[in-house]
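Encoded as structure tokens, the structure appears first; notes follow it.
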Amino acid sequence: MADLRRELIESGEEWSDAWENVLEFHPQYLAAYLRLRRIPVHDQYLSRKVQELILLAMGVRAHTAGALRAGAKIEEIMETLELTSVLGGDTLSVGVPLLMEVMEEGMGGGGFPRDFTDRQERLKANFEHHRGYWNPTWHFILRNAPRFMEAYTDYTSIAYRDNNNTLEPKVKFLIYIAIDCSTTHLFKPGLKHHIREALECGATQDEVLEVFELATLMGVQTVLIGASALKEELMRENTRQASVRLFNGDPIRFEPGRSGYQF
-15 MADLRRELIE
-5 SGEEWSDAWE
5 NVLEFHPQYL
15 AAYLRLRRIP
25 VHDQYLSRKV
35 QELILLAMGV
45 RAHTAGALRA
55 GAKIEEIMET
65 LELTSVLGGD
75 TLSVGVPLLM
85 EVMEEGMGGG
95 GFPRDFTDRQ
105 ERLKANFEHH
115 RGYWNPTWHF
125 ILRNAPRFME
135 AYTDYTSIAY
145 RDNNNTLEPK
155 VKFLIYIAID
165 CSTTHLFKPG
175 LKHHIREALE
185 CGATQDEVLE
195 VFELATLMGV
205 QTVLIGASAL
215 KEELMRENTR
225 QASVRLFNGD
235 PIRFEPGRSG
245 YQF
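See the structure below:
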């Protein structure tokens, strides 16, 4: 079991009470996870730093420490988090086209002006400059909610400004790919768009595939959280049973490192 601990740490993970619970309850699962985890570590088309930033972008808190150990700067970690925050915009990418469909079915009030004002034209140019694309969704938003559009463009452009631009373009788009392919997100239109942009910025097929491999590791969080909850419930139940035994005058003992009281 000590070997499993050492191998997990060597793979870039940080040992924790949650991993200790998994090791206690099902070491075979931990061994299988390690085999999967070692693939991107050994093949390593991406640097360890970039791998850790991608894992961090997918919401794996422990990889903050891993990113720092791999040499990431505070600015790079913050930029990764800021890039990740734009996934909220996918609400617009999914919701607005549906709203447009319903409007076209005759459910709306109709009569929206077709031409942009001078201010709206400037906002469109600003969005295209910072984000590099335009589509009917943003056309609809700009036409109907220009103040929101202005604020959203400013918010999502933070990571692209000269004074906050520490990650190379390829890495930015690999992070976007990680977000869109994450099990909890799976946003296909954005994923395809960002794969194309990453390749155009010099990413290779192997690097993109390695992002997918890293994203696959997200599933282990269910086991880590669940095993910790199981340990807590076992301790709570054993404490309850111990109280009953004490009340009845029965002998009990507690063995450190095990899942509760032994009778």
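Residue numbering for the sequence shown follows this note's numbering, starting at -15 and increasing by one per position. From the three backbone atoms N, C-alpha and C, an ideal C-beta is built for every residue, glycine too.
Annotation for threonine 121: Leu76, Ser77, Val80 and Pro81 place their beta carbon closer than 7 Å to its own, counting only its chain and skipping 5 residues before and after. Residues of the same chain with a CB within less than 6 Å of the CB of tryptophan 3, apart from the 5 flanking positions on each side, do not exist. When rounded, the separation of the alpha-carbon atoms in valine 86 and leucine 37 is 40 Å. Glycine 73 places its beta carbon 7 Å or farther from that of glycine -4. DSSP places glutamine 28 in the coil class of the three-state scheme, outside both helix and strand. Taking C-alpha positions only, leucine 158 is separated from leucine 201 by approximately 16 Å. Around the C-beta of histidine 26, fewer than 16 other C-beta atoms lie within 10 Å, and the residue is accordingly described as exposed.
Around the beta-carbon of phenylalanine 132, fewer than 16 other beta-carbon atoms lie within 10 Å, marking it exposed.
Between glutamate 191 and alanine 143, the CB-CB gap reaches or exceeds 7 Å. The C-beta distance from leucine -12 to leucine 18 rounds to 7 Å, short enough to meet the 8 Å contact threshold.
Within its own chain, the residues whose Cβ lies closer than 8 Å to the Cβ of leucine 170, once the five positions on either side in sequence are excluded, are Asp164, listed in chain order.
Every alpha helix (DSSP H) stretch that sits fully inside the region 162 to 227 and reaches 4 residues is listed by chain position as 172 to 184 and 189 to 200.
Just so you know, the alpha carbons of glutamate 221 and phenylalanine 231 end up roughly 15 Å apart.
Linking leucine 71 to tyrosine 160 through their CA atoms gives a straight-line distance of about 8 Å. One Cα belongs to serine 0, the other to alanine 109, and the distance between them is close to 48 Å. About 21 Å separates the CB atoms of alanine 213 and methionine 42; that is not less than 8 Å, and the two are not in contact. Minimum Cα-Cα distance from leucine 151 among the listed residues Glu(-6), Met62, Arg21 and Leu14 corresponds to Met62.
For valine 80, the enclosing alpha helix (DSSP H) has its first and last residue at 74 to 86. Rounded to whole angstroms, threonine 64 and valine 204 show a C-alpha spacing of 22 Å. Membership of valine 6 in the alpha helix (DSSP H) is indicated by the continuous run 1 to 9. Secondary structure note for alanine 109: its alpha helix (DSSP H) is the uninterrupted segment 102 to 115.
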